[in-house]
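The listed protein sequences correspond, in order, to chains U, Z, D, S and W.
Sequence positions in the first sequence follow our numbering and run 40 to 399.
Sequence positions in the second sequence follow our numbering and run 40 to 399.
Sequence positions in the third sequence follow our numbering and run 947 to 1177.
Sequence positions in the fourth sequence follow our numbering and run 947 to 1177.
Sequence positions in the fifth sequence follow our numbering and run 4 to 243.
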Amino acid sequence: MSLSVSLRHSLPGFDLDVSFDAPRGLTVLFGASGSGKTTVIEAAAGLLRPDAGRVAAGDHVLFDTDARHWLPPHRRRLGYIFQESRLFPHLTVRQNLLYGHWFAPRSAARGELDRVVEMLGVGHLLTRRPAKLSGGEKQRVAIGRALLASPKLILADEPLAALDEARKAEILPYFERLRDETSVPILYVSHSATEVARLATTVVALEAGKVARQGTAAEVLGDPAFRPGSVRGVGAMLEARVLAHHDDGLSELDAKGARLLVPRVPQAPGQGLRVRIMGQDVTIALSKPENISALNVLAGTVEEVSPGSGPGAVVALNTKAGRVLARVTKRSAAALKLAPGLPCYAIIKTVSIAPQDVGG
Amino acid sequence: MSLSVSLRHSLPGFDLDVSFDAPRGLTVLFGASGSGKTTVIEAAAGLLRPDAGRVAAGDHVLFDTDARHWLPPHRRRLGYIFQESRLFPHLTVRQNLLYGHWFAPRSAARGELDRVVEMLGVGHLLTRRPAKLSGGEKQRVAIGRALLASPKLILADEPLAALDEARKAEILPYFERLRDETSVPILYVSHSATEVARLATTVVALEAGKVARQGTAAEVLGDPAFRPGSVRGVGAMLEARVLAHHDDGLSELDAKGARLLVPRVPQAPGQGLRVRIMGQDVTIALSKPENISALNVLAGTVEEVSPGSGPGAVVALNTKAGRVLARVTKRSAAALKLAPGLPCYAIIKTVSIAPQDVGG
Amino acid sequence: MTDWLGPEEWQAVGLSLKVAFWATLGILPLGIFTAHVLARWDFVGKQILNGLVHLPLILPPVVTGYLLLMGFGTRGPLGGLLQEVGIVVAFRWSGAALAAGIMAFPLLVRSIRLSMEAVDPKLEQAAATLGASRFWVFVTVTLPLILPGILAGSVVAFAKAMGEFGATITFVSNIPGQTQTLPLAVYSFLQVPGGEDAAMRLVVVSVVVAMGALVLSEVLARRIARRVAGT
Amino acid sequence: MTDWLGPEEWQAVGLSLKVAFWATLGILPLGIFTAHVLARWDFVGKQILNGLVHLPLILPPVVTGYLLLMGFGTRGPLGGLLQEVGIVVAFRWSGAALAAGIMAFPLLVRSIRLSMEAVDPKLEQAAATLGASRFWVFVTVTLPLILPGILAGSVVAFAKAMGEFGATITFVSNIPGQTQTLPLAVYSFLQVPGGEDAAMRLVVVSVVVAMGALVLSEVLARRIARRVAGT
Amino acid sequence: AALAGSASGQELTVFAAASLKNALHQVAGEYEAQTGTDLHLSFAGSSALARQIQAGAPADVFISAHPAWMDVLAQDGLIVADSRFDLLGNRLVLVAHGVDVKPIEITKDFDLVGHLGDQRLAMALAGAVPAGIYTAAALDWLGQWQDLAPRTAQVGNVRIALALVARGETPFGVVYQSDALAEPGVTAVGLFPLDSHPPIVYPAAALSDDADAERFLMFLQSDTARAAFEAQGFAVLAGE
Ligand SMILES: Nc1ncnc2c1ncn2[C@@H]1O[C@H](COP(=O)(O)OP(=O)(O)OP(=O)(O)O)[C@@H](O)[C@H]1O
Ligand SMILES: Nc1ncnc2c1ncn2[C@@H]1O[C@H](COP(=O)(O)OP(=O)(O)OP(=O)(O)O)[C@@H](O)[C@H]1O
Ligand SMILES: [Mg+2]
Ligand SMILES: [Mg+2]
């Protein structure tokens, strides 16, 4: 189900004017601190009544000020993960988790609770009250509570910020499954380029209350001008298909005919997936390198060289597998005489393709 | 001033038993969600009275249960950045920032406020109350409030978690300066390997309430067995000195005789600094590569190959510049016949050395 | 120790407990509702409602009793209405409970309202996003969080109801076994020379009873608070 | 309109205001302190203190007045002590203020205590880590955060003080210009034939005054709350 | 002793039973006009006033609604013994709801219980306030106190008892004659015989050897005062 958001709201000293349509899937709201992400989410949740606007998830219109339509929050069927957990202090973790369940018309199966508890690693905390949880534990329970409400729209405000890498790696696939296996639209605030790359169907970048950029994850991430957070986040996305899983823990992918080796992926052979290749992980060579530890070497031609304001430049390469972005120094670009049309090789280390960069 | 921590405390279902000594500088507490980081910090702050233990910053003994010594929190001269901001709702941002100032015996200069406000980018918020701030804005004010209290010990519990990359990049150098230019010990909780690498003098890794590993940042990060958060965090640290700044935005460093090119660093020529080389950014080649965009190629010999549980292996290389860790696939290690003693080249892209990996 | 008090006095003790108990219980639902209205709603005339609630505190009790008599007496408009549904309050213990309840009402409402205003609306919002309607938010979030305030308010109300004198004697007079509560008995004793001892014995009984309720409520409140605070 | 009430009645109005004002102001510091002790300290005998505070609520007002008379009368032990430092409360307006203050005390303490218990101790901890001693934490964090509760408690106390009758008439008698507050004047009128009209006029005056205080406090409380909530 | 600030004897404080308010106000006005003395009148229940006098109240004159409290003060030596006299008398009347009620002659044969039916009799607190004490005695004299006691509605004072009858909450009530006169909604249907209860007297006494107090007590027995008291329905005993 698609998500359609259009909002105007004035706060003293801050004006929000945001409008975007996103297809089925997960929409990441991206932007600096104070750019208005939470304000958008709160309006979608009905906790803030914007001056004007309309928010709809498919044909489920949450509100429309023109049509004088306003669903109260409890009729919006939401799963809202707040920026600051907001657990109910008088309820145990289990009761917190099941709170939305009480009000859901069709109840999620019992197995659902167990699965979510398992994924979040909060099984040993079920009888505790929130005051006795650590910061990350609270946040995990808050995630579970929202997911278990059988929502028709998931609103996630930096759900993973308080978690360590290992824990994030366990929870990210769950959001992927939600995105792909259900039709529930997800509006997801994140500062992390990794999460954007891995999860986003659509990226909406906010700047001071306005939409600065919007597009599919591939478009936005493939754009050399897009700097999610910092220049380090530049990276293109390739569509691929699993060919085989090898015994040494590597998976072989086919990206439009090009072969890629990546650390074992969960998808079965034949299944499609997408792989993000970070610009900084791509080395450009003019001759095919030999005796090198990097396993992936893609032949291609230079399409575009975009010098940045600093010492670097982003080079777009046209390879068989698709567009690949490489970040190199201006010095190297000059030394190698990189220019549109020049044939070259993109060297990509297998290990630099992190699990979180590979997603369904 | 050194920091000495020794704590025993039992909570229902959780036992903390932590003891470490850290030299002058910044000590990072590292560990999964629920491993006891906040508990350690709270004990140091005096908000939790541990069953037994002692915490001292230099000769400023905060408490010592054996000696029946207990300084109440307000006499500990702390700058505590809480995991959940805890701003005073009835005070404006300015009043929040200056709160500790009222009680500090020697007052920080007025200029200090302006500098911190500038660094945190909260100048336009000074007359607002916390309820009107965004999540990241709150966290920034909380950081400022702690720093402006002229503390003798800074306790920072994931201070940057809620912030975007750009904002983090602005605040990190401030912590570096605090670490290097003042003698105030800093105890800093972080989940981010980047922050560890950039800031830590000492790293203390916690696991389920126990110290799992402890050492200088170089030791811990140079240890192939250390996996901060995920295997992606593996990376060694090199000590270097600035040789020159070039016009194309690069800085030339001297690492024990080896030349390194990195994106422009703030240090003046002649000054020392440290550079973190992430394992996944190092490619190993048997012959010296030509016509390649990577600017740094260090000659060395293989010292150790540690296969991981997955498809990868961490290879420790002995180079002129010091120990470098490379992450390669087991397949490549086999193909290149990597074994201790083998001469090889470490290829390191300049751009992959991020500003946050270079620190004073 | 039973002859420490005469049978009539023991009756007064029992009656006082009954009256105070039912007065408190009776005003509780309306008190919670009123507190909710005052804390969370916004409407014209809110100040008037607020004033009405506080009236029994401001008026001399005799006046309150007198007004009750006008309203709820057998010939009073409300009394007539009640009588038609079979409830007689005039000269009955139920009338004493009514008087005590009305006198205690402002204290109950204030306590509950204060607690309610301290509940973080963000939690109520969170509940709403999870599908709870206004009513269910109230029942599952607000109500449990204000339990300490309800308890505190109830105990104050109970104590006030145990001590209420002026409105009660005016409204339902002093009928042993029906409306002669402890304070009325104490008053009677104090009116005649030499009655101080008997009065003080009764005072001791009311103090003991009310203290019991007080301590009980403190223990309960502490338990609730500890649960929520997690310490 | 000045002849709507006679000079003696106007005197009662003025006196009531004076008595209620000073009663409220006088118990405020002790009330805040007591609430703090009850909310945040832990010690043996806390329940006893708590009980003592509630005593005036439980006791029939006549008894409270009687005990005050015994203690603070010119011949009472405390009265004698006060007299030595030059303070006479017996049969003076200051005595009426004392009685009203004591009767209002439990209401004040309860309000403040409830607010205080709602203050997040985490904020107080944060203040402590920033160098604020217990005293300063209280002054700079707790106190501003409980202002609404203090206000609410003060208004209830003021209303109660305006309406106090039983303890006052028993303790300091009913002397026009000295101790005859509004409720006492109302009482006097109601004791004799034909006094009802005058009594009702006085009742109207007390209601108007108390409502004024009430509305004022609501407006103030709302302003404070809005500031803090940031809405 | 007078109130603080009055060293000159120009002020006089009188503690009087609350039911005397109207009459004494009138008398006081006259007295102040004649002598220039500033009179402070404090009206409350006799028990409260007596206790206050015991506790050192700055009163110069006490007028009680019942001899018992005056006796207590006398025992304590708090009154000037030879200044005491019975100032006023009163009668108990049976009042009925409504204006057009047949008078009843109250004799020992009068069946009040029967008249009440299943309703109550309004009266002041038996055994506590003076009117209640007298009423209980009178009903005892009728031989019906045992039966009537559970059927009474006893209130704090006579005025409220009267109000109960006036509003029809009870069909009958027993009140002072002085109160019954002024109430429009009730009819005084019968006067209790004088011997049905101890004499209702309001004793007065000076509390100090003060010439002003003496003078005021004298004034209370003057014709001016008598007229005022009688206008309120009291019988003036003094001077007869
Ligand atoms: N009051 C308590 N009673 C029982 N267990 C507690 C209590 N407070 C914390 N814990 C437990 O102690 C452990 C350590 O908590 P702590 O807050 O120190 O974790 P942390 O390392 O800071 O985690 P995070 O990164 O999630 O903030 C957790 O497992 C938590 O559940
Ligand atoms: N009640 C308010 N009054 C005035 N300004 C407000 C109010 N609430 C929020 N703001 C401002 O609106 C802007 C957007 O806030 P919002 O919470 O949406 O930011 P955000 O993008 O979620 O930031 P963060 O990443 O820091 O959470 C901020 O600049 C904030 O200061
Ligand atoms: Mg936000
Ligand atoms: Mg923590």
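From the three backbone atoms N, C-alpha and C, an ideal C-beta is built for every residue, glycine too.
Residue 96/Z and residue 62/Z have their C-alpha atoms some 10 Å from each other. Around the beta carbon of residue 163/Z, fewer than 16 other beta carbons lie within 10 angstroms, which makes this residue exposed. Of the other Cβ atoms in all chains shown, fewer than 16 fall within 10 Å of the Cβ of residue 283/Z; this residue is therefore exposed.
For residue 1168/D, no chain S residue has a C-beta closer than 9 Å to its own C-beta; the minimum C-beta separation is roughly 10 Å. Residues of the same chain with a CB within less than 8 Å of the CB of residue 79/U, apart from the 5 flanking positions on each side, are 44, 46, 55, 57, 68, 226 and 245 in chain order.
Residue state for residue 66/Z is assigned as strand, using DSSP reduced to three classes.
Taking 7 Å as the cut-off, one finds no heavy atom of ligand 4 near enough to the beta carbon of residue 124/Z.
Residue contact check for residue 174/W against chain S: no CB pair falls below 8 Å.
Relative to ligand 2, residue 199/Z has its C-beta separated by 7 Å or more from all heavy atoms. Within chain D, the residues 1116 have their CB atoms less than 7 Å from the CB of residue 163/W, given in chain order. Listed along the chain, the chain U residues whose CB falls inside 7 Å of the CB of residue 1068/D are 125. Taking a C-beta cut-off of 8 Å against chain D, the contacting residues of the segment 111-126 of chain W are 123 and 125, listed in chain order. Exclusion of the five residues before and after residue 104/W leaves 190 and 192 as the residues of its chain whose Cβ lies within less than 8 Å of its Cβ. By the CB criterion at 8 Å, residue 125/W and residue 136/W fall outside the cutoff. Residue 1168/S and residue 1093/S have their alpha carbons spaced roughly 11 Å apart. Selection 177/U, 195/U, 140/U and 132/U evaluated against residue 119/U yields 195/U as nearest (Cα-Cα). The nearest non-hydrogen atom of ligand 3 is less than 7 Å from the C-beta of residue 173/Z. Cβ proximity to chain D below 9 Å picks out 48, 49, 50, 51, 53 and 54 from the segment 31-65 of chain W.
The beta carbon of residue 327/U lies closer than 6 Å to those of 384 in the same chain, with the five residues before and after it left out.
In the structure shown, residue 302/Z falls within a strand segment according to DSSP collapsed to helix, strand and coil.
Going by C-alpha positions, residue 98/W is about 27 Å away from residue 241/W. With a cut-off of 7 Å, the C-beta of residue 112/U is classified as distant from ligand 1, since no heavy atom of the ligand falls inside that distance. Of all C-beta pairs linking the segment 51-66 of chain W to the segment 200-216 of chain W, three or more are shorter than 8 Å, placing the two stretches in contact. Here DSSP, grouped into helix, strand and coil, assigns residue 62/W to coil. For residue 1153/D, the closest C-alpha among the options 994/D, 953/D, 1005/D and 963/D is that of 963/D. Secondary structure at residue 163/Z: helix, using DSSP grouped into helix, strand and coil. Annotation for residue 249/Z: the continuous beta strand (DSSP E) segment containing it runs 249-255.
Annotation: residue 168/Z to residue 41/Z spans about 37 Å, alpha carbon to alpha carbon. In terms of beta-carbon proximity, residue 371/Z lines the interface with chain U, with at least one pair separated by less than 8 Å. Restricting attention to 1113/D, 1059/D, 1115/D and 1135/D, the CA atom closest to the CA of residue 987/D is found in 1059/D. Between the segment 195-206 of chain Z and the segment 204-212 of chain U, the count of Cβ pairs shorter than 8 Å is below three; the stretches do not touch. Only 196, 197, 200, 201, 202, 203, 204, 205, 206, 207 and 208 from the segment 192-220 of chain U bring a Cβ to less than 9 Å from some Cβ of chain Z. CA-CA distance, residue 973/D to residue 960/D, rounds to 20 Å. Pairing residue 277/U with residue 289/U gives a Cβ-Cβ distance that is not under 8 Å.
The beta carbons of residue 65/U and residue 85/U sit no closer together than 8 Å. According to DSSP, residue 157/W shares a beta bridge with 126/W.
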